[in-house]
Amino acid sequence: MSKTLAQVHALLLVSAEALSTEDIMEQLTISRGNASQTVRELLDWGLIYKELRAGERREYFVAEKDMLQVTRCIIRARKRRELDQMKSSIDQLAALPGNPDDADYRAFHSVLTDIQQLATVSDKMLTRLMQAERSWFWDKFMRLFL
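Below you can see the structure in the form of structure tokens.
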């Protein structure tokens, strides 16, 4: 997550009212291109929404304020961009032919298997976390730290 992405998200998160791209540019002193690109990315992540106003040509944006939903959006986006791609690459590497009698091949395959297992467990855990109800999530989370 880039610095500008975090700044725009934080600005919209703490703003009482929806902001336009121009408002964001002015408050953060960033270029129109940077603001527009960042807003599009936040929309893709599901962290902000467009708010339509009758008679206005400008687009206004508001951040998701529910922190559990924000967490779900971030997990979903990062899982899709990072974990899913890593799993695909690891699966392709694991399918490469090799000589099982070769020590280097066995070591390589052993590491790949460990990574695949960790990725599978992480995938299942993140999927359950994205589906968790608020009461279950906070109950389990608090038990970890209290």
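Just so you know, the sequence shown maps onto residues 278 to 423 in the working numbering.
Ideal Cβ placement from N, Cα and C applies to all residues, glycine included.
Sheet register partners of Phe338 (DSSP bridge):
Leu296 and Lys327
Requested in this report: Specify the secondary structure class of Met402 as computed by DSSP and reduced to three states.
Outcome: helix
Check: So, using beta-carbon positions, are Ile352 and Met278 closer together than 8 Å?
Finding: no
Item to complete: From the DSSP output, in three-state form, read off Glu410 for me.
Response: coil
inquiry  = Check for me: the alpha helix (DSSP H) holding Ile351 runs from which residue to which?
reply    = Met344 to Arg355
Exercise. Under a three-way DSSP split, which group does Ser279 fall into?
Worked result: coil
Taking the C-alpha atoms as reference points, what is the distance between Ala293 and Pro374? Straight through space, the alpha carbons of Pro374 and Ala293 are spaced by roughly 58 Å.
- Task: Could you tell me if Val398 is buried or exposed, where buried requires 16 or more neighbouring beta carbons within 10 angstroms of its beta carbon?
- Result: exposed
Inspect the beta-carbon positions of Arg335 and Ser297 and report whether they are closer than 8 Å.
Yes, the Cβ-Cβ distance between Arg335 and Ser297 is below 8 Å.
Original post:
So Gly310 is in the alpha helix (DSSP H); what residue range does that whole segment cover?
Top reply: Arg309 to Trp322
Excluding the five sequence neighbours on either side, which residues of its own chain have a C-beta within less than 7 Å of the C-beta of Val347, listed in chain order? Leu324 and Glu341
Leu368 to Arg349, Cα distance in whole Å?
First, the amino acid is wrong: residue 368 is Asp here, not Leu. Cα-Cα distance, rounded: 26 Å.
Quiz item: Is it right to say Leu319 is buried, meaning 16 or more other beta carbons lie within 10 angstroms of its own, or is it exposed?
Solution: Classification for Leu319: buried.
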